[in-house]
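Participant:
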Ligand code: SF4
Ligand code: SF4
Ligand code: FES
Ligand code: FES
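Chains as they are written, first to last, in this note's numbering: chain A, 559 to 1459; chain B, -19 to 195.
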């Protein structure tokens, strides 16, 4: 058997699995149909060195490092094991003198032009070229000629640098760009010894996924700007965790040095991210390191925020909240935010708000979401089920902008041709070119469109009849997953929810949420929304159960984000006005689409508590500031779009006096005179498992079980029947050695999904599915949403579409040095014919009049838009304003007029 | 990035694309078309080709940079290639190249300041029996000595060879009318001419053989 490089992962466990037997180094081994020889050998515990082979991409066989001897009709010959399917009876030798000679030769050739950069190369210490040269190389080179030289490094994007002379032409990066991301902005140019990876002039590798190329490059040719020269791999310490930058829940290795985050790497999680990350998730860790974090409790004294002790801050917070309660009852307090919290933090804050204070005016969604009962009640699909469904209906924003890795998963499904995509949207998205039907609707028409699709109504005007017909055929497949989010933030979420509930009438339909905010699904599951209680139960159904446990629950349903802010701003009935706001890591003026409402609400509240880690308008307005620990600074759990509960790990000591959110909630309750009896995070989890029906059975032991490395989907149905853990791409960073150090090799296969038996029945080995033992039932079925009706408009007005862009003015980007420059401004996009009618063209200014405002912004032609529909993105500069200034949360659609200024 | 290729070139590009089941198969022919317009492959042209065949500009650049006959840097009106591969080298190719560099005042790969001549060192041009072999815009001009080379350059500069050697980028000047499928009559007559030439060569060979046999 070939000697493995130091620290190569231990032999995987499923070597006996397979469809047939072949001979490997004289011993029988099992192969699977269609499996590459290199992978079969790896399962059998024989590591074959490689550079170009990556298990998540198509084999190309270009580096020749994986040559092995395979006996064929004409005797044994050297063949690339990454490019040869294993077959029954195949005789393979991986350690013969002939193989050794080939490996020597390949490595000697690869090193001909490779510089002796190791001492100054970021990859040194975790470099597959170093490691495999040591393990398989000749040890000496016969080449004395001059190596090739290049200017070093050249930026291929704002985030990635390229040292061309280090490149070994494995094509992993170019294949990733073309095959996985679908953005071939890098390619080889030149030929022979002049070959180099290059971009087109003035067209940088601007993909949102560029950081993956850095991670999979087997040498130090590609480096990331935020990491370059900041650390040596052997000085790094790492833990496995989950990214909470968006709600996808990609598994990551979090690395730090001297209590500062240095790098985030993707871990291959079969059910979730397949090893990939988006650049925001990879690089937004800089916001955790940011110098201007809020690290001390502060109180406002004579109009000035002054640092103070925790006890004084908690005392003041409790006093202020009690005052508001005395004056206006519990409903005078509104709680906004919660998606940045762990499940434990979210649960305890929900308990504080609903059980201690008694207000149901709590909303983790900031006007950019959907009614909680709809999200929680509709039948669910996992990401894997969506990526393998016959038909996926996209009723959401542009996934590449909102949940980037979900975009990769669905893109792969569509490119493979296994899944038909049907898109319902007012504007095109990155997936539109791959759809089988694109149903472009005018904002406000989404419910009508859903009715037309289910055959319960006629099509709305302007929807393509052919596309509608083809969509209806696909929807009949009986295997339909609807990806449900917000196609436009300028359109009432209730309308989308109603449309979803109409689609719920289709046979065999399931839903995958596309709400994007960090741990929003955990926050909803923990009850941080009006009308729901922890564990996906309704206020009504779960009231008694939680009253027994907590002592009390809110007397009636509370307000959502828009309601809370409008009330605080002074609108509506006076006696139950919201006068005090608790902001849980939220920044209303940035997070809430209707910016004007956010500012009025914040300004109208007489008492504001900001529980936060970053400065901003919320802190500027707050009366009490409570510093919270950020992601990677506290342990806990998080729940992703499919309801998968996984552990987030603590890597850093929180800066200054910052506390984890659960601790803040627990202490504040104490200061408000009510001890929740919680003194550790584990105690919070135990309570969640005991009380929250959808989380029943997900004990700490379950989460720590080796088969639950990728988390478990709530409600918990049971341990998987088979859990093969295969180290995927063992040569990817964190590198051969660091994989061992980490004890957490990139891997696939420990999915915890119930497996259907031959009879189609789901095998449940343990777990209660969230029911029993007197627990209230989890929400199921449509919530019966009745969206406001949209009045038809006159022919002069335009309807506004507001989408999102990955790099926006949100806190994560604003506080990450490398990402901030990537925020671009967004013009108002208009159909070119409408521009002609106005007599203006791309780059000109236009005056936009809405019911309450008038602003002047630049325009750009967008032939992808329907007539009389205009579009832009939230939270990026837009003239002197942002799109949020045009949005009116109280109106179902935003109508506007365009005039030449 | 549309709008760089002229209407005529664009029409031919579309015709070419329609010949292939996959548009991207027309990538290299389209690069030649763009060179015919500009003499070299301008970035604007590559971007437009990318759009036409549905790939990224980086992929067009990647493919184009593989081929010696596609130029990503400006090229003079005349690309003069001197072969220094083995047969030509034995027959003075290297010396001719050296002479050419001196005479033109540019190294191999360079373009004269007047933008007329680009000098190129070439591998075997498949005309070894006329060593040292020289091509101008990929047309054979026969073996050259330093003296004949200088005269050739003077002719080129004065435009005296423009009849037989169109400016760089033009691969063929006589284009079959009516699109890409040739007129069957024309094909038939070409075939007849070829058959005739073949028969003549066979007869000549037979005669020569007969002559030898007779002596
Ligand atoms: S830059 Fe790295 S990943 Fe890309 S081809 Fe070169 S060695 Fe491979
Ligand atoms: S897709 Fe979301 S979870 Fe995954 S890396 Fe990006 S931000 Fe993180
Ligand atoms: S040729 Fe097999 S790994 Fe590169
Ligand atoms: S060696 Fe010069 S043409 Fe063949």
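Positions of the beta carbon are idealized from the N, C-alpha and C atoms, including for glycine.
Do you know how far the Cα of residue 643/A is from the Cα of residue 41/B?
Facilitator: Those two C-alpha atoms are separated by around 33 angstroms.
Participant: With DSSP collapsed to three states, give me the class of residue 854/A.
Facilitator: Coil at residue 854/A, not helix or strand.
Participant: For the region 731 to 742 of chain A, list every residue whose C-beta sits within 9 angstroms of some C-beta in chain B, in sequence order.
Facilitator: If the cut-off is 9 angstroms between Cβ atoms, the region 731 to 742 of chain A has 732, 735, 736, 741, 742 near chain B.
Participant: Considering only their Cβ atoms, is the gap separating residue 1431/A from residue 1357/A smaller than 9 angstroms?
Facilitator: Not a contact, by the Cβ cut-off of 9 angstroms.
Participant: Quick check on residue 700/A - is its C-beta less than 9 angstroms from some C-beta in chain B?
Facilitator: Answer no: the Cβ-Cβ gap between residue 700/A and chain B never drops below 9 angstroms.
Participant: Determine the direct distance from the alpha carbon of residue 1080/A to that of residue 1405/A, and round the result to whole angstroms.
Facilitator: Taking the straight line joining both Cα atoms gives about 42 angstroms.
Participant: For chain B, check one thing: does any of its Cβ atoms lie closer than 9 angstroms to the Cβ of residue 756/A?
Facilitator: So, interface residue.
Participant: Could you tell me whether any non-hydrogen atom of ligand 4 is closer than 8 angstroms to the CB of residue 676/A?
Facilitator: Checking every heavy atom of ligand 4 against the Cβ of residue 676/A, none is found closer than 8 angstroms.
Participant: Entirely within the region 1242 to 1280 of chain A and at least 4 residues each: give me those alpha helix (DSSP H) ranges in chain order.
Facilitator: You should have 1258 to 1262.
Participant: Do residue 1360/A and residue 1087/A have their C-beta atoms within less than 9 angstroms of each other?
Facilitator: No, the Cβ-Cβ distance between residue 1360/A and residue 1087/A is not below 9 angstroms.
Participant: Expressed to the nearest angstrom, what Euclidean distance is found between the alpha-carbon atoms of residue 811/A and residue 769/A?
Facilitator: Residue 811/A and residue 769/A: Cα-Cα distance of roughly 14 angstroms.
Participant: Report whether the distance from the Cβ of residue 105/B to the nearest heavy atom of ligand 4 is below 8 angstroms.
Facilitator: Yes - ligand 4 has a heavy atom lying nearer than 8 angstroms to the Cβ of residue 105/B.
Participant: Under 7 angstroms between beta-carbons, which chain A residues line up against residue 39/B? List them in chain order, please.
Facilitator: Going along chain A in sequence order, the residues near residue 39/B (Cβ under 7 angstroms) are 742, 745.
Participant: Taking beta-carbon pairs under 9 angstroms, can you tell me which members of the region 24 to 51 of chain B lie near chain D?
Facilitator: Here chain D cannot be found, since the structure's protein chains are A and B.
Participant: Keeping to the same chain, check which residues put their C-beta closer than 7 angstroms to that of residue 1387/A; ignore five residues upstream and five downstream.
Facilitator: Answer for residue 1387/A: 1418, 1420, 1423, 1428, 1429, 1430, listed in chain order.
Participant: Buried or exposed, going by whether 16 or more other CB atoms sit within 10 Å of the CB of residue 1165/A?
Facilitator: Per the 10 Å Cβ criterion, buried.
Participant: With a Cβ-Cβ cutoff of 9 angstroms, do residue 1373/A and residue 1134/A count as a contact?
Facilitator: Result no, Cβ atoms of residue 1373/A and residue 1134/A do not sit closer than 9 angstroms.
Participant: What does residue 761/A touch in chain B if you count any residue whose Cβ is under 7 angstroms from its own?
Facilitator: Result: 37, 38.
Participant: Using the three-state DSSP reduction, which class does residue 1351/A fall into: helix, strand or coil?
Facilitator: Residue 1351/A falls in the coil class under three-state DSSP.
Participant: Given a cut-off of 9 angstroms, decide if residue 1377/A and residue 819/A are closer than it, judged by their beta-carbon atoms.
Facilitator: No.
Participant: Contact between the region 1136 to 1152 of chain A and the region 944 to 956 of chain A is defined here as three or more beta-carbon pairs at a separation below 8 angstroms; is this criterion met?
Facilitator: Touching, no, given that fewer than three Cβ pairs across the two stretches are closer than 8 angstroms.
Participant: Using a Cβ-Cβ cutoff of less than 8 angstroms, which residues in the same chain neighbour residue 885/A once the five nearest sequence positions on both sides are dropped?
Facilitator: Taken in chain order, the residues that qualify are 1137.
Participant: Smallest Cα separation from residue 609/A: which of 631/A, 649/A, 582/A, 727/A?
Facilitator: Residue 609/A has its Cα closest to that of 727/A, out of 631/A, 649/A, 582/A, 727/A.
Participant: Using a C-beta cutoff of 9 angstroms, does residue 1201/A count as contacting chain B?
Facilitator: Residue 1201/A does not count as touching chain B.
Participant: Output the boundary residues of the beta strand (DSSP E) element that contains residue 694/A.
Facilitator: Unbroken run through residue 694/A is the alpha helix (DSSP H), 686 to 694; no beta strand (DSSP E).
Participant: Contact between the region 1049 to 1057 of chain A and the region 1444 to 1454 of chain A: three or more CB pairs below 8 angstroms?
Facilitator: The region 1049 to 1057 of chain A vs the region 1444 to 1454 of chain A: in contact.
Participant: Roughly how many angstroms lie between the CA atoms of residue 1012/A and residue 1065/A, to the nearest whole one?
Facilitator: Taking the straight line joining both Cα atoms gives about 10 angstroms.
Participant: Below 8 angstroms on the Cβ atoms is my contact criterion, and I expect residue 520/A with residue 1408/A to pass it. Report the Cβ-Cβ distance as a whole number of Å.
Facilitator: Nothing about residue 520/A can be read from this structure; chain A reaches only from 559 to 1459.
Participant: Which one of 855/A, 955/A, 1366/A has the shortest CA to CA distance from residue 1045/A?
Facilitator: Of the listed residues, the one whose Cα sits closest to residue 1045/A is 955/A.
Participant: Run through DSSP, which three-state label would residue 50/B get?
Facilitator: It is coil, neither helix nor strand.
Participant: From which residue to which residue does the beta strand (DSSP E) around residue 114/B run?
Facilitator: Residues 114 to 116.
Participant: Just checking residue 122/B against ligand 4 - is the residue's beta carbon closer than 8 angstroms to any of the ligand's heavy atoms?
Facilitator: Residue 122/B: no, Cβ never under 8 angstroms from ligand 4.
Participant: Please state whether DSSP places residue 676/A in a helix, a strand or coil.
Facilitator: If DSSP states are grouped into helix, strand and coil, residue 676/A belongs with the helices.
Participant: Are there any heavy atoms of ligand 3 lying less than 8 angstroms away from the beta-carbon of residue 621/A, as far as the coordinates show?
Facilitator: Checking every heavy atom of ligand 3 against the Cβ of residue 621/A, one is found closer than 8 angstroms.
Participant: Report buried or exposed for residue 119/B, applying the criterion of at least 16 other Cβ atoms within 10 angstroms of its Cβ.
Facilitator: Exposed, because fewer than 16 other Cβ atoms sit within 10 Å of the Cβ of residue 119/B.
Participant: Which of helix, strand or coil does DSSP assign to residue 1096/A?
Facilitator: Residue state, collapsed to three classes: strand.
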